[in-house]
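This report concerns only the one structure given below.
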Amino acid sequence: MEGGVPEADVSAFRECISLSWKNPYVLRLAFSAGIGGLLFGYDTGVISGALLYIRDDFKAVERKTWLQEAIVSTAIAGAIVGAAVGGWMNDRFGRRKSIISADTLFLIGSVIMASATSPAILIVGRVFVGLGVGMASMASPLYISESSPTRVRGALVALNSFLITGGQFLSYLINLAFTKAPGTWRWMLGVAAAPAIIQVVLMFTLPESPRWLFRKGREEEAKAILRKIYPPNEVEAEIQALQDSVALELKEVDSSEKISIIKLLKTKSVRRGLCAGMGLQIFQQFTGINTVMYYSPTIVQLAGFASNQTALLLSLITSGLNAFGSIVSIYFIDKTGRKKLALLSLCGCVLSLALLTVTFRQTETHSPMISAIETSYFNNTCPGFSKTVNPIEWDCMKCLKAECGFCASGSNKLLPGACLSVNDATRGICVKDHRAWYTKGCPSKMGWLAIVGLALYIIFFSPGMGTVPWVVNSEIYPLRYRGICGGIASTTCWVSNLVVSQSFLSLTVAIGTAWTFMLFGFVALIGIFFVLIFVPETKGVPMEEVEQMLEERAVHLKFWQKSSALQKS
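Reminder that position 242 of the sequence shown reads as 290 in my numbering, one-by-one numbering, no gaps.
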């Protein structure tokens, strides 16, 4: 089926590269649709840097943690709705029109955010952007998957993940570029309109997904596109396979009821596919990746780096590693396989999250003490410190928990410093005296180790769990259910994302940064067992045969052995 089952190995990666001169049309389809991933990544990354300056412009945002979380998470709430509606739109109107609709919403949101005069208007813009991102997050990989030759399908869908991480890296570069410009965060958020406009123009010049066209009875259009995608010796077999698959599904439609949740759950292949696809999306989010991307500069500040510019620069390094990991995944996704890559990734995440837990715990328990003499040097003592009966017990962490700021000693940041009220005047006096001003984290000699832990986390996460859930979800569902199931899985991703991002800062305040990362580590550990038991290997399996594999598949703990579906092939 679908041109046979080629052995997916390193040659798949070379073949993907060779498309640039052998068949640039396929790469053009993939890159054009992949801009949706770029928008997804850009929005994820840009808000993390913009938030540092939004806090400076809107004092209510600086004072209220929940408002910071709302600015981040309302886009995710919009994405939940966008992903849910996107599943229906993909099936009803096609993948191409869904992508164009997503771009339009993203464009509207970018304009609203860039011109926002209050946190409320900014949040409205974030909702529009979220709607667009949610629709694009499932439409783009689906379009790429259905327009790709079987042999390089995984690599080309992984290209979408690379563009997500590339968008995140680009956002940090943009953030750094506008740190000194008037309107800082407005430029950061407004620039996102440019790639949305570019994708709209490109998508108007591209065809619809051939699989969707077959499903709608427009076979001649689909055949013309497939002849551009596949070499002459494979195209007829692919056309026949697709015709047989669609005919079987249409026959099932005629003899069955409308698609419903009950119908989905009663269909064994769909139920097992949803279990694997939704589970992967849940574990992708609950291992904490988007808290790292949304709050990366804030996490760097929690590690003891006070300057906004320093936080952004160090975050740029982690974002660059994320993009590099996506390139690595393009090489390995069709060589190593989806399942092994996810398992290796989760094992590495457990180790790096353990390192982050130990490092932040050390930082929290060994922060600099508060000096009454240093504090008296200023005229704005923290109210909590001035009322305490045991000032000798106060350290930097206790000062920050009292919603005050720590002004480090000028000679050595690790020596006792001052605990002061948080306002622009106090910050200005502290910085003017050549001291560092801390409101998010405390100075620590272990801060560099936290950056190493973040870097290791990204290096392990990006090639595996950053890519595998999107690849698996683009290929694991039967054609008839692909749009709706993709929408369900994408909605699951965004709901999980919302829960994690909305609770992250509150968790760090309630239980501390160290224990928050430990929770993520436990989730990653559980994820290893989930992948071992519930996720099938789809490497090199034609999309028309995935359904049969799910029907026959039993629990497959010996992941290093080929599944029965592949062995039969």
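All residues carry an ideal CB built from backbone N, CA and C; glycine is no exception. These figures come from a predicted structure and were not determined experimentally.
The alpha helix (DSSP H) enclosing residue i, as first and last residue numbers
{"i": "residue 210", "result": "201-225"}
{"i": "residue 130", "result": "113-140"}
{"i": "residue 161", "result": "143-162"}
{"i": "residue 236", "result": "232-238"}
{"i": "residue 105", "result": "72-105"}
{"i": "residue 168", "result": "167-194"}
{"i": "residue 501", "result": "495-509"}
{"i": "residue 445", "result": "444-449"}
{"i": "residue 269", "result": "267-277"}
Helix, strand or coil at residue i [DSSP, three-state]
{"i": "residue 552", "result": "helix"}
{"i": "residue 304", "result": "At residue 304, the pLDDT of 49 sits below 50, so the modelled position is not reliable and the matter cannot be decided from this model."}
{"i": "residue 524", "result": "coil"}
{"i": "residue 578", "result": "helix"}
{"i": "residue 382", "result": "coil"}
{"i": "residue 467", "result": "strand"}
{"i": "residue 251", "result": "helix"}
{"i": "residue 597", "result": "helix"}
{"i": "residue 559", "result": "coil"}
{"i": "residue 326", "result": "helix"}
{"i": "residue 417", "result": "strand"}
{"i": "residue 259", "result": "helix"}
{"i": "residue 282", "result": "helix"}
{"i": "residue 336", "result": "coil"}
{"i": "residue 370", "result": "helix"}
{"i": "residue 197", "result": "coil"}
{"i": "residue 514", "result": "coil"}
{"i": "residue 228", "result": "coil"}
{"i": "residue 480", "result": "helix"}
{"i": "residue 243", "result": "helix"}
{"i": "residue 519", "result": "helix"}
{"i": "residue 439", "result": "helix"}
{"i": "residue 405", "result": "helix"}
Residue i: first and last residue of the uninterrupted beta strand (DSSP E) it sits in
{"i": "residue 489", "result": "Neither: residue 489 is in no beta strand (DSSP E) and is coded neither H nor E."}
In DSSP terms, what residue i is bridged to
{"i": "residue 429", "result": "468"}
{"i": "residue 638", "result": "The question about residue 638 has no answer here: the residues shown for the chain are numbered 49 through 617."}
{"i": "residue 292", "result": "Partner(s): none; residue 292 has no beta bridge."}
Residue i, buried or exposed, once every other Cβ within 10 Å from all chains shown has been counted against 16
{"i": "residue 247", "result": "buried"}
{"i": "residue 360", "result": "buried"}
{"i": "residue 304", "result": "For residue 304, the pLDDT reaches just 49, beneath the cut-off of 50, and the residue's location in the model is therefore unreliable, although a value from the coordinates is still provided. Exposed."}
{"i": "residue 230", "result": "exposed"}
{"i": "residue 335", "result": "buried"}
{"i": "residue 425", "result": "exposed"}
{"i": "residue 313", "result": "exposed"}
{"i": "residue 223", "result": "buried"}
{"i": "residue 472", "result": "exposed"}
{"i": "residue 413", "result": "exposed"}
{"i": "residue 442", "result": "buried"}
{"i": "residue 613", "result": "Residue placement at residue 613 is flagged as unreliable, the pLDDT there being 44, under the threshold of 50; the coordinate-derived value follows with that caveat. Counting Cβ neighbours within 10 Å, residue 613 comes out buried, since at least 16 surround it."}
{"i": "residue 460", "result": "exposed"}
{"i": "residue 197", "result": "buried"}
{"i": "residue 480", "result": "exposed"}
{"i": "residue 554", "result": "exposed"}
Exercise. Touch check for the region 210-219 and the region 81-94: three-plus C-beta pairs under 8 Å?
Worked result: yes
Exercise. If we count Cβ pairs, one from each stretch, closer than 8 Å, do we get three or more for the region 375-385 versus the region 523-543?
Worked result: no
Exercise. Do the region 515-523 and the region 425-433 meet, that is, are 3 or more Cβ pairs less than 8 Å apart?
Worked result: no
Exercise. Below 8 Å, can you find three or more Cβ-Cβ pairs linking the region 146-164 to the region 497-509?
Worked result: no
For this session: Give a yes or no on contact between the region 110-125 and the region 148-156, applying the rule of three or more CB pairs nearer than 8 Å.
Result: no
Exercise. When the Cβ atoms of the region 447-457 are set against those of the region 412-431, are three or more pairs found closer than 8 Å?
Worked result: yes
For this session: Assess, as a yes-or-no matter, whether the region 122-141 is touched by the region 176-195 under the definition of 3 or more beta carbon pairs within less than 8 Å.
Result: yes
Exercise. Counting pairs of beta carbons, one from the region 170-177 and one from the region 486-498, are three or more of them closer than 8 Å?
Worked result: no
Exercise. Would you call the region 387-402 and the region 540-553 touching, i.e. three or more CB-CB distances under 8 Å?
Worked result: no
For this session: Decide if the region 496-503 is in contact with the region 467-477; the criterion is three or more beta carbon pairs, one per stretch, under 8 Å apart.
Result: no
For this session: Count the C-beta pairs between the region 229-243 and the region 90-105 that are closer than 8 Å, then say yes if the count reaches three, no if not.
Result: yes
For this session: Pair every Cβ in the region 322-340 with every Cβ in the region 286-294, then say whether three or more of these pairs are closer than 8 Å.
Result: no
Exercise. Is there contact between the region 250-258 and the region 102-112, where contact requires at least three CB pairs shorter than 8 Å?
Worked result: no
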